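> Got a structure for you, written out below as structure tokens; questions coming shortly.
There are 2 protein chains.
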Amino acid sequence: MELLELIKKRRSVRYYTDAEIEEDKLKKLVEAAIWAPSGHRIYAFDIVILQRKEDIRRIKAISPGIHGNPQVLIILCVDRQKAFDKAGEDGRDVLTIMDAAIAAQNICLVATEMGVGSCMIRHFDRVAAKGLLDLPENLIPELFVSLGYPRSIPEPPPRRVIEEVVIFWKR
Amino acid sequence: MELLELIKKRRSVRYYTDAEIEEDKLKKLVEAAIWAPSGHRIYAFDIVILQRKEDIRRIKAISPGIHGNPQVLIILCVDRQKAFDKAGEDGRDVLTIMDAAIAAQNICLVATEMGVGSCMIRHFDRVAAKGLLDLPENLIPELFVSLGYPRSIPEPPPRRVIEEVVIFWKR
Chain A
106 MELLELIKKR RSVRYYTDAE IEEDKLKKLV EAAIWAPSGH RIYAFDIVIL
156 QRKEDIRRIK AISPGIHGNP QVLIILCVDR QKAFDKAGED GRDVLTIMDA
206 AIAAQNICLV ATEMGVGSCM IRHFDRVAAK GLLDLPENLI PELFVSLGYP
256 RSIPEPPPRR VIEEVVIFWK R
Chain B
106 MELLELIKKR RSVRYYTDAE IEEDKLKKLV EAAIWAPSGH RIYAFDIVIL
156 QRKEDIRRIK AISPGIHGNP QVLIILCVDR QKAFDKAGED GRDVLTIMDA
206 AIAAQNICLV ATEMGVGSCM IRHFDRVAAK GLLDLPENLI PELFVSLGYP
256 RSIPEPPPRR VIEEVVIFWK R
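Protein chains in written order, with the working numbering: chain A, 106 to 276; chain B, 106 to 276.
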């Protein structure tokens with residue numbers, strides 16, 4: 106499939122079947138995240154993978170952004186101090202966020218290609234999540250990706266057309 | 106090509122040949138950006154495309170992050186007020202940044218598939234860029250993507266392996 110087609114096919118899928126995602130597929134998703142570009146080559150994120158129902162239930166309880174029933178949660182955690190040491194305030198406050206988002210998009214696109222549903226989630230209690238995950242002091246959970254085989258595929262929200270988005274094209 | 110392979114093939118390409126990028130390819134890149142997911146469905150970015158040498162030269166002069174010779178600059182501009190109105194402080198300060206980064210990654214991946222080199226650039230004087238681009242009051246340039254046919258393809262920087270990146274895997 107052409108990539109643009111795949112990009113258009115990606116939906117935010119929140120409701121999943123009970124089918125487990127195979128371990129080799131999860132590893133492929135992690136690899137997709139690892140190969141995301143990193144501003145200033147900070148590479149400041151680590152990953153937590155949750156598959157146990159009880160762990161996911163606890164995270165869901167502090168995450169208004171999780172509406173459905175994730176079979177797996179990939180949690181992108183960033184080391185803001187490492188980012189600051191490598192790239193100053195912009196590194197800490199901007200590049201870490203960009204890196205996490207790009208890694209998450211790689212995950213979601215590769216998931217789509219494998220027939221796995223995915224959804225990025227940013228609306229959660231970060232302090233509570235840090236505690237529940239028992240993260241090392243330096244790490245903050247920045248972005249979740251929920252995963253599972255889709256129970257149904259939602260319709261895409263309406264998108265703007267090129268002429269609306271491109272405000273100046275100087276050629 | 107499998108997507109993971111394409112993800113690994115993407116490099117930050119900064120030096121380009123003089124060949125022009127075809128307009129239909131540029132439109133495809135904009136479409137890839139449009140189909141990026143948007144946190145809280147803010148869709149708060151607009152795009153400026155620069156192809157004139159003189160315009161690019163002026164932007165380069167205030168952008169330490171541009172090392173090479175972009176043939177085209179796609180400039181992702183965000184409307185922080187619109188984002189705040191739709192999704193509060195997190196929308197303004199986090200989701201706009203994530204959205205721009207995800208859109209840029211879509212652009213870079215589709216560019217790679219088409220044989221076009223690309224590089225994300227965040228290191229530039231945002232106030233000066235806003236002035237040079239004569240952007241509407243509500244828009245701030247958030248992220249650049251430089252584009253062109255690659256003069257050469259750099260080696261990938263070393264990446265971590267799965268076991269280093271995944272700090273907990275609870276299954």
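Think of the CB as a built atom: it goes at the ideal place given N, C-alpha and C, for glycine as much as any other residue.
This one's a predicted model, so the numbers in the text were calculated from it and none came from an experiment.
Starting from V215/A, find everything on chain B with Cβ-Cβ shorter than 8 Å and list it in chain order.
If you number the first sequence from 1, residue 215/A lands on position 110. Those within 8 Å of V215/A in chain B are L108, L109 and I112.
> Please classify N211/A as buried or exposed, where buried requires at least 16 neighbouring CB atoms within 10 angstroms.
The sequence position of residue 211/A within the first sequence is 106, counting from 1. So N211/A ends up on the buried side.
> Is F189/A helix, strand or coil when you go by DSSP?
Position 84 of the first sequence, counting from 1, holds the residue named residue 189/A. F189/A falls in the helix class under three-state DSSP.
> Residues in the same chain with beta-carbon distance under 7 Å from R116/A, minus the five sequence neighbours each way, listed in chain order, please.
Within the first sequence, numbered from 1, the residue matching residue 116/A stands at position 11. If we look at R116/A and ignore the five residues flanking it on each side, its Cβ neighbours are I258, P259 and P261.
> Suppose only complete runs of 3+ residues qualify. What are the beta strand (DSSP E) ranges in the region 203-259 of chain A, listed by chain order?
222-226 and 244-253
> Residues of chain A with CB closer than 8 Å to the CB of V199/B, please, in chain order.
What you label residue 199/B is simply residue 94 of the second sequence in a count that begins at 1. Going along chain A in sequence order, the residues near V199/B (Cβ under 8 Å) are I202 and R227.
> Check the Cβ of V221/A against every Cβ in chain B and list those closer than 8 Å, keeping chain order.
As a first step, residue 221/A must be located in the first sequence, where it is residue number 116. What V221/A touches in chain B: nothing, since even the nearest Cβ is about 12 Å away.
> Applying a beta-carbon distance threshold of less than 7 Å, which residues of chain B neighbour E194/A?
Taking the first sequence and counting its residues from 1, one reaches residue 194/A at position 89. Going along chain B, no residue has its Cβ under 7 Å from E194/A, so there is no contact; the nearest lies around 12 Å.
> Roughly how many angstroms separate the alpha carbons of P246/B and E110/A, rounded to a whole number?
Within the second sequence, numbered from 1, the residue matching residue 246/B stands at position 141. Within the first sequence, numbered from 1, the residue matching residue 110/A stands at position 5. If I take the Cα positions, the gap works out to 28 Å.
> Quick check on the DSSP output: the beta strand (DSSP E) that includes L108/B runs from which residue to which?
If you number the second sequence from 1, residue 108/B lands on position 3. That residue, L108/B, is in no beta strand (DSSP E); its alpha helix (DSSP H) goes L108 to K114.
> Pull out every residue of the region 159-190 of chain A whose Cβ sits closer than 8 Å to any Cβ of chain B, in chain order.
D160 and C182
> Select from M106/A, A149/A, M203/A and K130/A the residue whose C-alpha is nearest the C-alpha of V303/A.
No information on residue 303/A is available, as it lies outside the stretch 106 to 276 that chain A covers here.
> Using 9 Å as the limit for Cβ to Cβ distance, is F249/B near chain A?
For the purposes of this step, residue 249/B is identified with residue 144 of the second sequence, where counting begins at 1. Cβ-Cβ to chain A under 9 Å: no for F249/B.
> Starting from the beta carbon of G144/B, find every residue of chain A whose beta carbon is closer than 8 Å, and list them in chain order.
Position 39 of the second sequence, counted from the start, is the residue given in the question as residue 144/B. Residues of chain A passing the Cβ test: M225 and R227.
> Let's test the definition: count the other Cβ atoms within 10 Å of the Cβ of D184/B and tell me whether it reaches 16, buried, or not, exposed.
As a first step, residue 184/B must be located in the second sequence, where it is residue number 79. Under this definition D184/B is a buried residue.
> Can you pull the DSSP bridge partners for D184/B?
Residue 184/B sits at position 79 when you count from the first residue of the second sequence. L244/B.
> Return the first residue and the last residue of the alpha helix (DSSP H) that I152/B is part of.
For this step, residue 152/B is matched to residue 47 along the second sequence. Counting along the chain, I152/B falls outside any alpha helix (DSSP H), though it belongs to the beta strand (DSSP E) covering F150 to L155.
> Is there at least one Cβ from chain C nearer than 9 Å to E218/A's Cβ?
Judged by its chain identifiers, the structure shown contains no chain C, and its protein chains are A and B.
> Would you kindly report the start and end of the unbroken beta strand (DSSP E) that includes I272/A?
The sequence position of residue 272/A within the first sequence is 167, counting from 1. Element bounds for I272/A: V271 to K275.
> If distances are taken between C-alpha atoms only, which option among M219/A, R256/A, G144/A and V215/A comes closest to I202/A?
Residue mapping note: residue 202/A aligns to position 97 of the first sequence, counting from 1. Of the candidates M219/A, R256/A, G144/A and V215/A, the one whose C-alpha sits nearest the C-alpha of I202/A is G144/A.
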